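Chains as they are written, first to last, in the working numbering: chain E, 403 to 613; chain V, 1434 to 1531. Beta carbons: idealized from backbone N, C-alpha and C, even for Gly. The structure presented is a predicted model; accordingly, all values stated were derived computationally and were not measured. Step one of this worksheet: look at the structure below.
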């Protein structure tokens, strides 16, 4: 503090001095451990506090709106659609989204096939394009059940896939990441690309919902 | 490592845990071991996660495939449609001609 006034004045003003309640009172063992680890790594010069903040800023820029923009573009631009299905990471890069070398496979939902993504081994997910993954995606219940009974799990998301359509589950167990191109809503003819992007939900991009 | 399978090839996922005593970090999900499917695509070669997990350098890089299985072949009594499928990324060292 830069003020240099003497502290001989009386504390007789009438507002109380209750401590400010921190909104995040999380003090779980893992939170304490993560804080301690971060401080040690900064002290050892492995990375700087500024780099931690830069990474947080980068992470906050990750959003399902990025994936939605890609799909909306594909709906209005046949060449982009073909490029997206051929090489998802390159198509992401073309719109300014850097998957940092991780391949992306985009799978198209059609009248014959409905695709849905899971990672049974952990929770692999294209964070750059879909933002942080939802809690349910990481849950053992989703990971364990969607591979063996996908139609029931989809039904719990309100997604009924007729018996005439194949349900195709994609287990993201290794180096690929996945995003689903939902079927374009029938009543969306003539909409702008931006308006189309607004129709595209995160759950649609994972494949647990249709639009 | 050279990729030895191509799209459409029938392959079986080995159980390296039971057959070769592999332990620790294993990347082929238990539920597809012993199951037969077909190569959907070759994905490229990637560092072997089973040695990377223990500080190794992951070499030799392992060819990685997406293998398509009929759900009915993976889960006895599968309740969905007959043509429902599941596709799983499997490294070549887990695969043999099926």
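Return the residue from the list the options that minimises the CA-CA distance to residue i.
i: residue 514(E); options: 1476(V), 1514(V) and 1520(V); result: 1514(V)
i: residue 555(E); options: 518(E), 493(E) and 439(E); result: 518(E)
i: residue 544(E); options: 608(E), 530(E) and 459(E); result: 608(E)
i: residue 1503(V); options: 1480(V), 1439(V) and 1444(V); result: 1444(V)
i: residue 478(E); options: 445(E), 585(E) and 572(E); result: 585(E)
i: residue 1462(V); options: 1453(V), 1437(V), 1448(V) and 1479(V); result: 1448(V)
i: residue 1496(V); options: 1482(V), 1524(V), 1512(V) and 1517(V); result: 1524(V)
i: residue 472(E); options: 509(E), 549(E) and 588(E); result: 509(E)
i: residue 490(E); options: 599(E), 591(E) and 581(E); result: 581(E)
i: residue 547(E); options: 1508(V), 1454(V), 1477(V) and 1482(V); result: 1508(V)
i: residue 1451(V); options: 1505(V), 1522(V) and 1467(V); result: 1467(V)
i: residue 460(E); options: 440(E), 502(E), 480(E) and 493(E); result: 502(E)
i: residue 601(E); options: 563(E), 452(E), 505(E) and 466(E); result: 466(E)
Quick one: what does DSSP say residue i is sitting in, helix, strand or coil?
i: residue 581(E); result: strand
i: residue 1442(V); result: coil
i: residue 546(E); result: helix
i: residue 571(E); result: strand
i: residue 1467(V); result: coil
i: residue 1477(V); result: strand
i: residue 1452(V); result: helix
i: residue 608(E); result: helix
i: residue 434(E); result: helix
i: residue 448(E); result: coil
i: residue 408(E); result: Below a pLDDT of 50, predicted positions are generally treated as unreliable, and residue 408(E), at 46, falls in that range; the measurement from the model is reported next regardless. Coil at residue 408(E), not helix or strand.
i: residue 602(E); result: coil
i: residue 1434(V); result: coil
i: residue 473(E); result: helix
Counting only beta-carbon separations shorter than 8 Å, does residue i have a partner in chain E?
i: residue 1491(V); result: no
i: residue 1516(V); result: yes
i: residue 1528(V); result: no
i: residue 1471(V); result: no
Does chain V have any CB closer than 8 Å to the CB of residue i?
i: residue 476(E); result: no
i: residue 557(E); result: no
i: residue 565(E); result: yes
Name the chain V residues that come within less than 9 Å of residue i, Cβ to Cβ?
i: residue 505(E); result: 1476 and 1477
i: residue 593(E); result: Going along chain V, no residue has its Cβ under 9 Å from residue 593(E), so there is no contact; the nearest lies around 32 Å.
i: residue 528(E); result: Ordered by position in chain V, no residue passes the 9 Å Cβ test against residue 528(E), which lies about 14 Å from the chain.
For a contact meaning CB atoms closer than 9 Å, what does residue i contact in chain E?
i: residue 1462(V); result: 522, 523, 549, 573 and 575
Could you list which residues in chain E have their beta carbon closer than 7 Å to that of residue i, in chain order?
i: residue 1437(V); result: Those within 7 Å of residue 1437(V) in chain E number zero; the least Cβ separation is about 17 Å.
i: residue 1497(V); result: 576 and 577
i: residue 1513(V); result: 552, 553 and 569
i: residue 1487(V); result: Chain E residues near residue 1487(V): none, gap ~17 Å exceeds 7 Å.
Run through chain V and tell me which residues come within less than 8 Å of residue i, C-beta to C-beta.
i: residue 610(E); result: By Cβ distance, chain V contributes nothing, its closest Cβ being about 15 Å from residue 610(E), past 8 Å.
Going along chain E, which residues have a C-beta under 8 Å from residue i?
i: residue 1520(V); result: 570, 571, 572 and 573
task: Counting only runs of 4+ residues fully inside the stretch 1484–1530 of chain V, write out the alpha helix (DSSP H) ranges in chain order.
output: 1504–1507
query: Mind pulling the alpha helix (DSSP H) runs of 4 or more residues that sit fully within the stretch 499–532 of chain E?
result: 529–532
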